[in-house]
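Visitor: Before we start, here is the structure in question, set down as structure tokens.
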Amino acid sequence: VGAYSHSKGHKVFRDEVAAWLTERDGFEADPDDIFLTDGASAAVKMVMQLAVRGPEDGVLLPIPQYPLYSATMTLLGGQSVGYYLDEEAGWGIDIKELERAV
Numbered sequence: 026v027g028a029y030s031h032s033k034g035h036k037v038f039r040d041e042v043a044a045w046l047t048e049r050d051g052f053e054a055d056p057d058d059i060f061l062t063d064g065a066s067a068a069v070k071m072v073m074q075l076a077v078r079g080p081e082d083g084v085l086l087p088i089p090q091y092p093l094y095s096a097t098m099t100l101l102g103g104q105s106v107g108y109y110l111d112e113e114a115g116w117g118i119d120i121k122e123l124e125r126a127v
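Numbering-wise, our numbering comes out as the position in the sequence shown, counting from 1, plus 25.
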């Protein structure tokens with residue numbers, strides 16, 4: 026009573042998500058490997074905060090991209106490394122473009 030919930034989310038919900046993933050994908054999903062967030066933006070920001078320590082760290086960002094990515098990189102002081110998506114291929118990724126970016 027009066028305690029915080031687990032930072033991964035309530036186990037009952039993670040169990041349900043794991044069961045759904047197992048059914049959908051055909052292999053066992055472990056609820057302990059599932060981290061629930063209050064949306065995709067929160068999850069992306071959290072992962073970027075874990076990965077980017079400063080200006081020596083860079084993240085490949087697609088162009089066009091959701092502004093959260095570049096804004097978070099600016100806040101974290103990391104380097105945004107842009108690569109262009111191929112509109113004619115349904116906004117797909119071109120390996121040569123990724124190689125150019127890095």
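Where is the CB? At the ideal position from N, CA and C, for every residue including glycine.
(1) If I'm right that V84 touches V106 with Cβ under 8 Å, what's the distance once you round it to whole angstroms?
(2) How is L123 classed by DSSP in three states: helix, strand or coil?
(3) Beta strand (DSSP E) containing L86: first to last residue?
(4) Between the C-alpha atoms of L46 and L75, what's the straight-line distance to the nearest angstrom?
(5) Quick check: what's the CA-CA separation for S95 versus A67?
(6) Identify whether Y91 lies in helix, strand or coil by the three-state DSSP scheme.
(7) Give every residue of the same chain whose Cβ lies closer than 6 Å to the Cβ of Y29, excluding the five residues on either side of it in the sequence, and list them in chain order.
(8) From Y108 to K70, what distance separates their C-alpha atoms?
Guide: Once the coordinates are examined:
(1) Reading the sequence shown from its first residue, position 59 is the one you call residue 84. Reading the sequence shown from its first residue, position 81 is the one you call residue 106. Rounded, the Cβ-Cβ distance is 7 Å, consistent with contact.
(2) Mapped onto the sequence shown, residue 123 falls at position 98. Annotated three-state conformation of L123 is helix, per DSSP.
(3) Residue 86 sits at position 61 when you count from the first residue of the sequence shown. Boundaries of the beta strand (DSSP E) harbouring L86: 83–88, taken from the DSSP string.
(4) Here residue 46 refers to the residue found at position 21 of the sequence shown. Here residue 75 refers to the residue found at position 50 of the sequence shown. Looking at the backbone, the Cα of L46 and that of L75 are separated by about 25 Å.
(5) The sequence position of residue 95 within the sequence shown is 70, counting from 1. The sequence position of residue 67 within the sequence shown is 42, counting from 1. The alpha-carbon atoms of S95 and A67 are separated by roughly 14 Å.
(6) Against the sequence shown, residue 91 aligns to sequence position 66. The answer is coil: DSSP assigns Y91 none of H, G, I, E or B.
(7) As a first step, residue 29 is located in the sequence shown; it is residue number 4 there, counting from the start. If we look at Y29 and ignore the five residues flanking it on each side, it has no Cβ neighbours.
(8) Here residue 108 refers to the residue found at position 83 of the sequence shown. Here residue 70 refers to the residue found at position 45 of the sequence shown. Taking the straight line joining both Cα atoms gives about 19 Å.
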